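A.B. asks:
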Amino acid sequence: MRLDQENIFFEKPAAELVDGVLGDTIATGGGDSVNPMWLYVGPKLESGSVVLTLETADDTAFTNAVSLCSFKLDDNASIRGKVPLGVKNFLRIKASESTTPTNDTALAIVAALAVDVDFK
Numbered sequence: 369m370r371l372d373q374e375n376i377f378f379e380k381p382a383a384e385l386v387d388g389v390l391g392d393t394i395a396t397g398g399g400d401s402v403n404p405m406w407l408y409v410g411p412k413l414e415s416g417s418v419v420l421t422l423e424t425a426d427d428t429a430f431t432n433a434v435s436l437c438s439f440k441l442d443d444n445a446s447i448r449g450k451v452p453l454g455v456k457n458f459l460r461i462k463a464s465e466s467t468t469p470t471n472d473t474a475l476a477i478v479a480a481l482a483v484d485v486d487f488k
């Protein structure tokens with residue numbers, strides 16, 4: 369899997385993924401792709417959990433934000449999935465329902481868009 373710095377929402381220690389934390393805004397140009405990008409969040413947590421919501425909007429203030437999907441990052445597995453249809457001009461990730469996420473073996477939890485995801 370290759371990550372482009374312009375397509376990274378965040379690289380944070382797990383303990384910083386608390387309610388209300390927002391990832392960086394990524395400009396997409398709007399519209400749905402024939403071959404949508406992958407959303408990757410990982411590695412998995414060692415304990416605790418956090419719900420992450422992928423939001424889209426027409427402006428960087430996310431005035432009328434629309435939630436495309438929500439997922440729970442926990443100790444089961446990292447998140448890998450295609451970005452859903454309905455993308456507007458900007459994307460971001462918002463954390464909520466955090467229960468003391470920890471991951472002492474990884475320097476950071478990464479959330480990013482990728483062209484491909486290595487499933488090995």
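The sequence shown begins at 369 in our numbering and counts up by one.
Even for Gly, the Cβ is constructed at its ideal location relative to N, Cα and C.
Bear in mind the structure is a predicted one, so any value in this text is a computation, not a measurement.
If LYS380 and ALA476 are in contact, beta carbons under 8 Å, what's the gap, nearest whole angstrom?
C.D. replies: Position 12 of the sequence shown, counted from the start, is the residue given in the question as residue 380. Position 108 of the sequence shown, counted from the start, is the residue given in the question as residue 476. Correct: roughly 6 Å between the Cβ atoms.
A.B. asks: Looking at the secondary structure, which residues open and close the beta strand (DSSP E) in which THR428 lies?
C.D. replies: On the sequence shown, residue 428 is found 60 positions in, with the first residue counted as 1. First-last for THR428: undefined, no H or E at that position.
A.B. asks: Pull up the CB-CB distance for ASN471 and ALA382, whole angstroms please, since I reckon it's below 8 Å.
C.D. replies: Position 103 of the sequence shown, counting from 1, holds the residue named residue 471. Position 14 of the sequence shown, counting from 1, holds the residue named residue 382. About 4 Å separates the two Cβ atoms, so the contact holds.
A.B. asks: Taking the beta strand (DSSP E) that ASN375 falls in, what are its first and last residues?
C.D. replies: Here the question's residue 375 lines up with position 7 in the sequence shown. Taken as a continuous stretch (DSSP letters only), the beta strand (DSSP E) holding ASN375 covers 371 to 380.
A.B. asks: Since LYS462 and LEU390 should fall inside the 8 Å C-beta cutoff, what is the C-beta to C-beta distance between them, to a whole number of angstroms?
C.D. replies: Within the sequence shown, residue 462 is the residue found at index 94, counting from 1. Within the sequence shown, residue 390 is the residue found at index 22, counting from 1. Confirmed, Cβ separation roughly 5 Å.
A.B. asks: Check whether the stretch 415 to 423 and the stretch 392 to 401 are in contact - that is, three or more C-beta pairs closer than 8 Å.
C.D. replies: no
A.B. asks: From this set, ASP392, GLU465, ASP484 and THR473, which residue's C-alpha is nearest VAL386's C-alpha?
C.D. replies: Mapped onto the sequence shown, residue 386 falls at position 18. The candidate whose alpha carbon is nearest that of VAL386 is GLU465.
A.B. asks: Pick helix, strand or coil for GLU465, following the three-state DSSP scheme.
C.D. replies: Along the sequence shown, one-based indexing puts residue 465 at 97. In this structure, GLU465 counts as strand in the three-state DSSP scheme.
A.B. asks: Decide if GLU374 is buried, meaning its Cβ has at least 16 other Cβ atoms within 10 Å, or exposed.
C.D. replies: What you label residue 374 is simply residue 6 of the sequence shown in a count that begins at 1. By the neighbour-count rule (16 or more Cβ atoms within 10 Å), GLU374 is not buried but exposed.
A.B. asks: To the nearest angstrom, how far is it from the Cα of GLY388 to the Cα of LEU413?
C.D. replies: Stepping through the sequence shown from its first residue, residue 388 is reached at position 20. Stepping through the sequence shown from its first residue, residue 413 is reached at position 45. Near 19 Å, if we compare the C-alpha coordinates of LEU413 and GLY388.
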